[in-house]
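2 protein chains.
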Amino acid sequence: MTRLLYSLCGADETRPFSPHVWKTKMALAHKGLAYREVPTPFTGIPHIEGGATKTVPLLVDNGTVVIDSFRIALYLDATYPETPSLFRGEGGKALSRFVEGYSQFVVHPAITKIAILDIHDMLAPKDQAYFRENREQRFSRSLEEVAAGREQEIAGFSAKLEPMRHMLKFQPFLGGDSPLFADYILFGALQWLRIVSDAKVLAAGDPVNDWFEGCLDLHDGLGRSVDAA
Amino acid sequence: MTRLLYSLCGADETRPFSPHVWKTKMALAHKGLAYREVPTPFTGIPHIEGGATKTVPLLVDNGTVVIDSFRIALYLDATYPETPSLFRGEGGKALSRFVEGYSQFVVHPAITKIAILDIHDMLAPKDQAYFRENREQRFSRSLEEVAAGREQEIAGFSAKLEPMRHMLKFQPFLGGDSPLFADYILFGALQWLRIVSDAKVLAAGDPVNDWFEGCLDLHDGLGRSVDAA
């Protein structure tokens, strides 16, 4: 049996940083499924598995290729029903899409403004050139212009997490008493920031900070296998 | 068998407007449970069931008193397991708390700024006095100062719903193929705005608008039983 997970790296292969890949790493650990990780720089992605994808994570599971962190999670739950569920029912599956929307349209844009230059700086020169061109086209602005709002985003970051704070009044995880894929979705975003940037966005004693530290401890401290920036 | 739902009204008893009560009205309809509604003005709430609550909805179900829309939904699912679930599993139950957080900490504050004077104006004089004093103390500002950001909130409202829009790329309801309590949570917020204010926050063709119109059609058009302001 072979299971390969293609992840994203900069110049240092030991510091995978993609939020989406972290969701999948936590999902595989949640289900107790072993894998070999293949760290891949931005410019290596088009060469994965003969051009199978434009993005990572890409999972090869005994010959089955699955792309996209949410689809991988659905695939894992369907393929390995004897392992702990990532969704705990159809309602959990459906509502996780809303959490994904919140992560990608509220949290990710803020992290991008905070950390875009940090990300650039950790890439190898060839990938820096790709990253600058690709992201400047996407945002119609220079990386430096995107980063101009950095301090304001850091100051406003905590307030964006109020929906999390409300939920944590009732339960320790988005998933309830124990974590589910929805936790890994938001963990992935904050882990991305933790690895690429030394920006401090959560205060000690903040319930969201406590939740995040708890997530770093999960699965034998998997999240701590990469040090903070 | 008697089932009473205490709801919130202004001077016109036929226009219940509380977002939280609308969640419960939709939840009861979802489960096919009949009830008698008792419209109650703000200053009547302390007198409900001998002082049982400071807020509505309050449900009396064959002698059992339950307060708070989320707790009522949990109670209904536990008490009437033979009727359609409001959560579809433990994951759905847990993640609905996050949707509640998003509704109350992202959507409600915007609606408050947009509609606080509209709400005031639809109350009877005695309730207007209560509402002004209570809310001005809560916000440490006059109602008029809260409403000063109205136009800006209307302009920025649609962008706050991006997490919904992302979810709707994959499925017609937060609950997946069909609505769950999570849908009623956000429906309640937008229905509140629809009933109290003529502010237009969603454009025709916006998937969130289509979802909301679909929710208004549910359960024999229950949401349309009160006309838009």
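As given, the protein sequences belong to chains A and B, one line each in that order.
Residue 20 in our numbering sits at position 20 of the first sequence, and the numbers go up by one each step.
Numbering-wise, our numbering comes out as the position in the second sequence, counting from 1, plus 229.
Glycine included, each C-beta is placed from N, C-alpha and C at the ideal position.
In chain A, which residues lie with their C-beta within 7 Å of the C-beta of residue i?
{"i": "B:Phe316", "result": "Gly91"}
{"i": "B:Phe334", "result": "Glu162, Pro163 and His166"}
Determine the extent of the beta strand (DSSP E) in which residue i is found, giving its start and end residues.
{"i": "B:Tyr235", "result": "Arg232 to Leu237"}
{"i": "B:Leu419", "result": "Run containing B:Leu419: none in the beta strand (DSSP E); it sits in the alpha helix (DSSP H), Phe410 to Val425."}
{"i": "B:Val267", "result": "Arg265 to Thr269"}
For residue i, collect the residues of the same chain with a Cβ closer than 7 Å to its Cβ; drop the 5 residues on either side in sequence, then sort them by chain order.
{"i": "B:Ala263", "result": "Arg232"}
{"i": "A:Thr43", "result": "Lys126, Asp127 and Tyr130"}
{"i": "B:Gly277", "result": "The sequence as given places Ile at residue 277 of chain B; Gly does not occur at that position. Tyr235, Thr269 and Leu287, listed in sequence order."}
{"i": "B:Val250", "result": "Ser236, Leu237, Val285 and Pro286"}
{"i": "B:Val335", "result": "Lys389"}
{"i": "B:Asp406", "result": "Gln400"}
{"i": "B:Gly321", "result": "Leu409"}
{"i": "B:Ile340", "result": "Ala418, Trp421 and Leu422"}
In chain order, what residues of the same chain have a beta carbon less than 8 Å from the beta carbon of residue i, not counting five sequence neighbours either side?
{"i": "A:Pro81", "result": "none"}
{"i": "A:Ala124", "result": "Gly10, Ala11 and Pro41"}
{"i": "A:Ala228", "result": "Arg194, Ile195 and Asp198"}
{"i": "A:Pro84", "result": "His30, Lys31 and Gly32"}
{"i": "B:Arg326", "result": "Phe299"}
{"i": "A:Ala203", "result": "Ser158 and Asn209"}
{"i": "B:Glu242", "result": "Pro268"}
Using the Cα positions of residue i and residue j, report the straight-line distance between them to the nearest angstrom.
{"i": "B:Ile343", "j": "B:Asp446", "result": "25 Å"}
{"i": "A:Asp68", "j": "B:Ala418", "result": "32 Å"}
{"i": "B:Pro270", "j": "B:Pro338", "result": "22 Å"}
{"i": "B:Asp356", "j": "B:Glu362", "result": "10 Å"}
{"i": "A:Ser103", "j": "A:Pro19", "result": "10 Å"}
{"i": "A:Thr55", "j": "A:Ile45", "result": "7 Å"}
{"i": "B:Val430", "j": "B:Ile383", "result": "6 Å"}
{"i": "A:Leu86", "j": "B:Gly450", "result": "35 Å"}
{"i": "B:Asp350", "j": "B:Phe368", "result": "18 Å"}
{"i": "B:Trp421", "j": "A:Phe170", "result": "25 Å"}
{"i": "B:Met393", "j": "B:Gly330", "result": "14 Å"}
{"i": "A:Ala27", "j": "A:Phe181", "result": "7 Å"}
{"i": "A:Phe157", "j": "B:Arg265", "result": "45 Å"}
{"i": "B:Ala377", "j": "B:Arg364", "result": "15 Å"}
{"i": "A:Gln137", "j": "B:Arg244", "result": "50 Å"}
{"i": "B:Asp439", "j": "A:Val226", "result": "44 Å"}
{"i": "A:Met234", "j": "B:Ala323", "result": "It is not possible to answer for residue 234 of chain A, since the shown part of chain A is limited to 1 through 229."}
{"i": "A:Gly63", "j": "A:Lys23", "result": "21 Å"}
{"i": "A:Val99", "j": "A:Gly223", "result": "20 Å"}
{"i": "A:Ala78", "j": "A:Ser142", "result": "42 Å"}
{"i": "B:Val267", "j": "B:Phe246", "result": "13 Å"}
{"i": "B:Ile414", "j": "A:Gly50", "result": "46 Å"}
For chain A, is any of its Cβ atoms less than 9 Å away from the one on residue i?
{"i": "B:Pro436", "result": "no"}
{"i": "B:Gly405", "result": "yes"}
{"i": "B:Pro200", "result": "Lying before the first or after the last residue shown, residue 200 of chain B is absent from chain B, which here runs from 230 to 458."}
{"i": "B:Thr411", "result": "First, the amino acid is wrong: residue 411 of chain B is Ala here, not Thr. Yes, B:Ala411 lies at the interface with chain A (some Cβ there is under 9 Å from its Cβ)."}
{"i": "B:Arg326", "result": "yes"}
Taking 6 Å as the limit between beta carbons, can you name the residues of its chain near residue i, skipping five residues before and five after?
{"i": "A:Leu161", "result": "Val208"}
{"i": "B:Phe402", "result": "Pro408 and Asp412"}
{"i": "B:Ala281", "result": "Val294"}
{"i": "A:Val60", "result": "Leu4"}
{"i": "A:Phe212", "result": "Leu190"}
I want to verify the contact list: residues of chain A whose CB lies under 9 Å from the CB of residue i, in sequence order.
{"i": "B:Pro408", "result": "Within 9 Å Cβ-Cβ: nothing; B:Pro408 doesn't reach chain A, min ~10 Å."}
Taking 8 Å as the cut-off, is the C-beta of residue i nearer than that to any heavy atom in the ligand ZN?
{"i": "A:Gly223", "result": "The ligand ZN is absent from the structure shown, which contains no ligands of any kind."}
Hey, does residue i have any beta-carbon neighbour from chain B nearer than 9 Å?
{"i": "A:Phe173", "result": "yes"}
{"i": "A:Gly242", "result": "Chain A is shown only over 1 to 229; residue 242 of chain A falls outside these bounds and no answer can be derived."}
{"i": "A:Ser69", "result": "no"}
{"i": "A:Ala94", "result": "yes"}
Just to make sure I have the definition right: I need the residues of chain B whose C-beta is within less than 9 Å of the C-beta of residue i. Which are they?
{"i": "A:Met26", "result": "Simply none; closest approach about 16 Å."}
Residue i touches chain B at which residues, Cβ-Cβ below 7 Å?
{"i": "A:Ser140", "result": "Ordered by position in chain B, no residue passes the 7 Å Cβ test against A:Ser140, which lies about 18 Å from the chain."}
{"i": "A:Phe170", "result": "Arg326"}
Please list the terminal residues of the continuous alpha helix (DSSP H) segment that includes residue i.
{"i": "B:Leu397", "result": "Glu391 to Leu397"}
{"i": "A:Arg132", "result": "Pro125 to Phe139"}
{"i": "B:Val437", "result": "Pro436 to Gly450"}
{"i": "A:Thr24", "result": "Pro19 to His30"}
{"i": "A:Leu117", "result": "His108 to Asp121"}
{"i": "A:Asp77", "result": "Ser69 to Thr79"}
{"i": "A:Leu143", "result": "Leu143 to Val146"}
{"i": "B:Val328", "result": "Glu319 to Tyr331"}
In chain B, which residues lie less than 8 Å from residue i when you measure between Cβ atoms?
{"i": "A:Ser73", "result": "Residue 73 of chain A is actually Ala in this sequence, not Ser. Result: empty, since nearest Cβ-Cβ is about 12 Å, beyond 8 Å."}
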